[in-house]
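J.: Following this message is one structure expressed as structure tokens.
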Amino acid sequence: MSSKLSFIPYGSKGLIVKFDKPSVSQIEILSRSIFRDQIAIKLKKNVQDLLLTSDSLTIFFNEPPSLDSIKEKLLKTYDMSVSKRIDLQYKHWEIPICFENDFSLDLFKHFNNDDLKTQDYIRKICELEMIVQFYGFLPGFCYLVGLPKSMQLERKSEPNLKVPKGSLAIGGSYAGIYPQNSPGGWHLIGRTPTIFFDPKRNPNCFASVGDKLSFKKISIDEYNEKLMHNSKTNLPKFTIYNVKD
């Protein structure tokens, strides 16, 4: 298993741990998440931050590390993390999404205002189970994988200057939900009242890497009702499952 890792120095206090391929399966995603968590524990005295992506883990150290010693620890920890796959569990979250016209303008535009094609796309995306592959771009912005090629939408040539908080968007092979107002170049297809990121909540993001998300279509009235009575402690419905090979 260790041969699947390579190492690239990143400045004097950083190290990029490259995996042999991007994580696609849920087991790979969860195993690499465990790897990151174990590194945070074992090297906590000298680790400032960890950044997990689809094909790498970047480690930012407080002080320049001894690379030979660190590499040995990383290889052993990776092998141990991979061997834990038989015990893996995850949460499946049900996220309410409103696909009201004002929230899905990019989808209507993509299908040239063809309502049948737009509604068919919405139906299909609500049938999917997507996996949190990693977090990036913004605090609490989850990159979701599991989108069939036929449903992928290329990123916009001209990004929006302001994407509303809670927007469900498609960018290439990824789906994601904007946790706050932000510029963005993905296609907006819906909006959720769910609060995805709260710096005062522990954990800040309720969905962990490796968890699954599915979308439940709600009306504009349901959206407004949930938004009005929403609180940062309210979490979507979830079920815990064991991972199957």
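If you use our numbering, the sequence shown closes out at 247, no skipped numbers anywhere.
Heads up, the beta-carbon is just placed ideally off N, CA and C, and yes, glycines get one too.
These numbers come from a predicted model, not from an experiment.
1) Under the three-state reduction of DSSP, which class applies to methionine 3: helix, strand or coil?
2) Run through DSSP, which three-state label would glutamate 227 get?
3) Go ahead and label glutamate 30 buried or exposed: buried means 16 or more other beta carbons lie within 10 angstroms of its beta carbon, across all protein chains shown.
4) Return the chain-ordered list of same chain residues with a C-beta closer than 8 Å to the C-beta of isoleucine 99, the five sequence neighbours on each side being excluded.
5) Tell me where the alpha helix (DSSP H) around valine 147 begins and ends.
6) Could you compute how far the alpha carbon of leucine 77 sits from the alpha carbon of isoleucine 18?
7) By how many angstroms is the C-alpha of phenylalanine 208 removed from the C-alpha of lysine 202?
8) Quick check on serine 152: buried or exposed, where buried means 16 or more other Cβ atoms within 10 Å of its Cβ?
9) What does DSSP give as the partner residues of proline 98 in its beta bridges?
10) Are the CB atoms of proline 66 and serine 14 nearer to each other than 7 Å?
11) Is it the case that the Cβ atoms of phenylalanine 105 and threonine 120 are separated by a distance below 7 Å?
12) Going by beta-carbon coordinates alone, are serine 25 and valine 211 separated by less than 7 Å?
13) Per DSSP, what are the beta-bridge partners of leucine 190 in this structure?
14) Please determine, among Gly138, Gln154, Leu140, Phe139, the residue with the shortest C-alpha to C-alpha distance to lysine 126.
15) Roughly how many angstroms separate the alpha carbons of aspartate 108 and methionine 230, rounded to a whole number?
T.: According to the structure shown:
1) The residue labelled residue 3 in the question sits at position 1 within the sequence shown. Confidence at methionine 3 is low in this model, with a pLDDT of 43, below 50, so its placement is unreliable and the value that follows should be read with caution. Methionine 3 falls in the coil class under three-state DSSP.
2) Position 225 of the sequence shown, counting from 1, holds the residue named residue 227. In the structure shown, glutamate 227 sits in a helix (DSSP, three-state: H, G or I).
3) Taking the sequence shown and counting its residues from 1, one reaches residue 30 at position 28. Residue environment analysis places glutamate 30 among the buried positions, since at least 16 neighbouring C-beta atoms fall within 10 angstroms of its C-beta.
4) As a working note, residue 99 is residue 97 in the sequence shown. Counting only Cβ-Cβ distances below 8 Å, and skipping sequence neighbours, we find Cys128, Leu170, Gly192, Arg193, Thr194, Phe217, Lys218, Lys219, Ile220.
5) Looking up residue 147 in the sequence shown gives position 145. In the DSSP assignment, valine 147 falls outside any alpha helix (DSSP H) and within the unbroken beta strand (DSSP E) covering 144 to 147.
6) In the sequence shown, the residue the question calls residue 77 occupies position 75. In the sequence shown, the residue the question calls residue 18 occupies position 16. Rounded to whole angstroms, leucine 77 to isoleucine 18 spans 13 Å at the Cα level.
7) By one-based count along the sequence shown, residue 202 stands at place 200. By one-based count along the sequence shown, residue 208 stands at place 206. Approximately 12 Å, taken between the alpha carbons.
8) In the sequence shown, residue 152 corresponds to position 150, counting from 1. When all chains shown are included, serine 152 counts as exposed.
9) Taking the first residue of the sequence shown as 1, we reach residue 98 at position 96. For proline 98, which the question treats as bridged, DSSP gives the partners Lys218.
10) For this step, residue 66 is matched to residue 64 along the sequence shown. For this step, residue 14 is matched to residue 12 along the sequence shown. Yes, the pair counts as a contact, with Cβ atoms nearer than the cut-off.
11) Numbered from 1 along the sequence shown, position 103 holds the residue referred to as residue 105. Numbered from 1 along the sequence shown, position 118 holds the residue referred to as residue 120. Against a cut-off of 7 Å, the Cβ pair of threonine 120 and phenylalanine 105 comes out as no contact.
12) For this step, residue 25 is matched to residue 23 along the sequence shown. For this step, residue 211 is matched to residue 209 along the sequence shown. No, they are not a contact pair.
13) If you number the sequence shown from 1, residue 190 lands on position 188. Bridge partners of leucine 190: Ala171.
14) Position 124 of the sequence shown, counting from 1, holds the residue named residue 126. Lysine 126 has its Cα closest to that of Gln154, out of Gly138, Gln154, Leu140, Phe139.
15) For the purposes of this step, residue 108 is taken as the residue at position 106 of the sequence shown. For the purposes of this step, residue 230 is taken as the residue at position 228 of the sequence shown. One C-alpha to the other measures close to 26 Å.
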